[in-house]
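Enquirer: Can you keep this structure in mind? I'll have questions shortly.
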Amino acid sequence: MDGKQNHQKWQLSRRRLLALMATAGAAAVAAPLAPSLLTKVRGASAATGGQRQTPLRQWAMVFDLRKCEGCVTTDKAPQCVEGCNAEHFVPQGQEWIRVFEVEGAAGHNYFLPRPCMQCENPPCVNVCPVGATYRTDEGIILINHDRCIGCRMCMAACPYGVRSFNWDQPPNPAGATFANYSPEYPVPHRRGTVEKCMLCAHRVGDGRLPACAEACPMYAVYLGDLGEDIATNGKEVVKLSDFLAANSAFRLKEDLGTRPRVWYIPGHGQDEGHDITVRSRPKKARSWQEQGATLEHKDEGVKK
Amino acid sequence: MAATAEERLQQRVLAPVTHTSRAWYLWLGFLVLLVGAGLFAYNAQLQGGLAVTGMRDTVIWGLYISNFVFFSGVSMAGTFISAILRITGAEWRRPLTRIAELTTVSALLMCALMPLVDMGRPDRVLYLLRYGRLQSPIVWDIIAITTYLTASVIYLYLFLIPDAALLRDGLKGKVSRLRHGLYALLALGWQGLPEQRRRIERGAAIMMVLIIPIGVTVHSVVSWIFGMTYRSGWDSTIFAPYFAVGALYSGVAMLITLMFVLRRVCHLEEYLTEKHFRYLGYMLAAFGVLYLYFTFAEYLTVAYKLEGGESLLLEELLLGRYSLLVWSGFFGGQILPILVVLLPATRTLPILFVASVLVNVGMYIKRYVIVVPSLANPLMPYEWGVYTPTWVELAVTGASFGGFVLVFTLFTKLFPIISVWEMREGWERARQPAGAGLAAAPAALSPDAGGGAHA
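Taken in sequence, the protein lines are chains A and B. The first sequence begins at 31 in our numbering and counts up by one. The second sequence begins at -8 in our numbering and counts up by one.
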């Protein structure tokens, strides 16, 4: 009896020892992996932390589609695209913000400018194998072009088709070549890496509007801060939550659960006198390198 | 009687090891040219960037990723079949296990190369180790593929040890000292002692159980590269088993193709008999029907609802710009081969060979129409993407197939393509039908024990 109990005790302790060893083994395996699991936004703190004394912003954007008519009434290419292209020396064939002409369900057509959605649950960040794309504490998705390996998994994952790839080495003019590269201002551009809109992280931090908002002649683009609940298009300042609620704002592909930080106020350019019966496509915006030259677009797939 | 049978077998399978024909050199030259052309093309890609491929911002992946899925599929079946047949004690496995295992290793090498070729920044490949994040499906792939490759090489090697000893003892003085040294090294001092046999059997028993789940993980995580996205056609819960069954189907077909060719070239008619092809044909039909079932389930659930992006994609697949590919792949690669295998009248070796090739042509098409159309399908109101592979991609693809065959060509030059000691073991078992315990049951299924039980 005694001996049996002892035996059981010994068995129990052995089992416990085995369990302990297994736990220790698992911990030893998991320990080096834990940081990568926990810090989804590794590099984010390095990118933004401690540089500014101002409180953290939670950046957002609002596009008032009542004012957006794809710049067709001005007979120019969409000015937000042109402004963005010039600001970032956006490589030929890419459009970091793009204006789509959408056929609405009610038979009307309207214009939809699409920058990066800066999702709160970003599919692109989740799938990146090396942590090259990450979300900052201020809610902007950035790309570290010194880290990107060019696998394009993020492009497959993005449900908004926001990302572009430098298939070739984009030409960099003098102004771009001597720019001080940072993920906030990814110039000069590098071959074999992924590019996208980064909400002009280099500008908004200094209290300036994104290039697209500044370039919009209709003041249809608002930069917002969810933390302070405020937004501005450079002409007026609104209370962000009221502005969105009062105007039935929506987000793109809401049902996917990506939680974009870009809102749209429904409309079809009526404030700017856009005639919905007239089918008029927005002009193709030209990148900085195409100004004055007729170059063939490399990207056949996205040609309108 | 068995002794002479073994001598005959040794003569047959060691013939390519000791004698090199001119045809072999010609064939080797052809393969080296093929691989060389691929290297030349890849060099062009290194110089010009991925701009030299047909991929662009809408269709961001093309032939490289199709090859990746294809070779991972082929790789899954080889070791898997070998392990399943060993575990179940199917005696007829003996002449084909090594071919199956080599298929896995060779295909997996090509499979692992493809994502590297597809990288925009191959100079940063080590970042995957330095900064790898476990939440990325790409990292799952790296872990699964390296694990499977390691396990498959061990698995192939374990059963090669006694044969390496055979070569070491039998070819002394007949081959160069370097080569003899290689055999001696690989044989690990194998003498056929009972203790050595016990150890190798123990190792093999562990490996053949381990390798099945590892094989399944590989093709599952390959499917999750696609399944973890929101894209129409990829956003599917059945992708992992769907891909795994497709892999078995394609892999069995590849095994039949390779066995048929090796049988002809190395004169193995005595060992790779019609029965082996018939049994593999049954497996092919079974996996084929299972794959049909998955295909049906996948398309029906989509077609019934006709949800936005999915219906756009489905229309292009079944009726639109990809319909020729889809339907030819479906009838040529799924329906026709299965019918041919199931009908006794058409179940002859040459027809089976053609059917197995058709299966893999069809499965390659299937991989292409999984990868490309889902990318071309617009996510926003823009036009469909277009993709036409360039010569660079075609040359690299050709080289990957060339490399796959090259591994076989070189292997048959160095080692017997049929496991001599396993065949011997089979004969020994057949000669002792009254043998105790486990040995008795498999012996009943052995080729020499009268086919009545199994056929």
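Even glycine gets a Cβ: it sits at the ideal position worked out from N, Cα and C.
#1: Quick one: Cα of Val192/A to Cα of Pro121/A, how far?
#2: Just checking, does the stretch 264 to 271 of chain A make contact with the stretch 177 to 188 of chain A on the three C-beta pairs under 8 Å criterion?
#3: Rounded to the nearest angstrom, what separates His298/A and Phe278/B at their Cα positions?
#4: Determine the DSSP secondary structure at Ile295/A, reduced to helix, strand or coil.
#5: Would you say the stretch 19 to 27 of chain B touches the stretch 384 to 394 of chain B, given that touching needs at least three Cβ pairs under 8 Å?
#6: The alpha helix (DSSP H) with Met274/B in it runs from where to where?
#7: If the cut-off is 7 Å on Cβ atoms, which residues from the stretch 185 to 199 of chain A count as contacting chain B, listed in chain order?
#8: Three Cβ pairs or more, each shorter than 8 Å: is that satisfied between the stretch 229 to 239 of chain A and the stretch 195 to 208 of chain A?
#9: How would you list, in chain order, the residues of chain A whose beta-carbon sits under 9 Å from the beta-carbon of Thr220/B?
#10: Leaving out the 5 sequence neighbours to the left and right, which residues in its chain are closer than 8 Å to Arg452/B when beta-carbon positions are compared?
#11: Given this structure, state the Cα-to-Cα distance separating Gln124/A from Glu92/B, to the nearest angstrom.
#12: Confirm, please, whether the CB-CB distance from Leu99/B to Leu140/B is below 7 Å.
#13: Any residues in the stretch 248 to 264 of chain A with a beta carbon nearer than 7 Å to a beta carbon of chain B? Which ones, in chain order?
#14: Please list the residues of the stretch 104 to 126 of chain B that have a C-beta atom closer than 9 Å to any C-beta atom in chain D, keeping them in chain order.
#15: Quick one: residues in its chain with C-beta nearer than 6 Å to the C-beta of Met101/B, no 5 flanking neighbours on either side, listed in chain order?
#16: Report buried or exposed for Arg316/A, applying the criterion of at least 16 other Cβ atoms within 10 angstroms of its Cβ.
#17: Around the Cβ of Gly205/A, are there at least 16 other Cβ atoms within 10 angstroms (buried) or fewer (exposed)?
#18: Taking C-beta pairs closer than 9 Å, name the residues in chain B that Phe130/A reaches, listed in chain order.
#19: What does Gly161/A touch in chain B if you count any residue whose Cβ is under 7 Å from its own?
#20: Whole-angstrom Cβ separation of Phe119/A and Pro189/A, contact assumed at under 8 Å?
#21: Could you confirm whether any beta carbon from chain B is found closer than 7 Å to the beta carbon of Arg221/A?
#22: Please say whether Arg358/B and Leu167/B have beta carbons closer to each other than 7 Å?
#23: Indicate the three-state DSSP secondary structure (helix, strand or coil) for Leu436/B in the structure shown.
#24: Hey, out of Thr207/A, Val157/A and Ala116/A, whose CA is closest to His219/A's CA?
#25: May I ask you to list, following chain order, the residues of the stretch 44 to 71 of chain B that have a beta carbon less than 9 Å from some beta carbon of chain A?
#26: Which residues in the same chain have their Cβ closer than 6 Å to the Cβ of Pro328/B, if we skip the five residues on either side of it in sequence?
#27: Please list, in chain order, all residues of the same chain as Ala244/B whose beta carbon is under 7 Å from its beta carbon, the five residues on each side excluded.
#28: Quick one: using the 10 Å Cβ neighbour count with 16 as the cut-off for buried, is Pro143/A buried or exposed?
#29: Taking the alpha carbon of Val234/A as the reference point, which residue from Trp293/A, Arg87/A and Cys110/A has its own alpha carbon closest?
#30: What is the DSSP secondary structure of Gly183/B, reduced to helix, strand or coil?
#31: Taking all protein chains shown into account, decide if Leu169/B is buried (16 or more other Cβ within 10 angstroms of its Cβ) or exposed.
#32: Among Ser227/B, Arg121/B and Ile90/B, which has the Cα closest to the Cα of Ser365/B?
#33: By a C-beta neighbour count over all protein chains shown, 10 Å radius and 16 as the cutoff for buried, is Glu192/B buried or exposed?
#34: Measuring CB to CB, does Ile408/B end up less than 7 Å from Leu253/B?
#35: At which residues does the beta strand (DSSP E) containing Pro143/A begin and terminate?
#36: Note down the Cα distance separating Gly224/B from Tyr313/B, rounded to an integer number of angstroms.
Expert: With the structure as the only source:
#1: 14 Å
#2: no
#3: 54 Å
#4: strand
#5: yes
#6: Glu265 to Lys296
#7: Met185, Ala186, Ala187, Pro189, Tyr190, Gly191, Ser194, Phe195, Trp197, Asp198 and Gln199
#8: no
#9: Pro153, Val157, Met183, Ala186, Ala187, Cys188 and Pro189
#10: Since the first residue shown for chain B is -8 and the last is 446, residue 452/B is missing from the structure and cannot be characterised.
#11: 46 Å
#12: yes
#13: none
#14: Included in the structure are the protein chains A and B, with no chain D among them.
#15: Phe62, Ser391, Gly394 and Phe395
#16: buried
#17: exposed
#18: Met371, Pro372 and Tyr373
#19: Tyr122 and Arg124
#20: The pair is not a contact, with the Cβ atoms about 27 Å apart (cut-off 8 Å).
#21: yes
#22: Note that residue 167/B is Ser in the sequence shown, not Leu. Contact: no.
#23: Residue confidence is low: Leu436/B scores 41 on pLDDT, short of 50, so the model does not pin down where it sits. No coordinate-derived value is stated.
#24: Thr207/A
#25: Thr44, Met46, Arg47, Asp48, Thr49, Val50, Ile51 and Trp52
#26: Ala346, Leu349 and Val350
#27: Leu275, Ser347, Val350 and Asn351
#28: buried
#29: Arg87/A
#30: coil
#31: exposed
#32: Ser227/B
#33: exposed
#34: yes
#35: Asn139 to Arg144
#36: 14 Å
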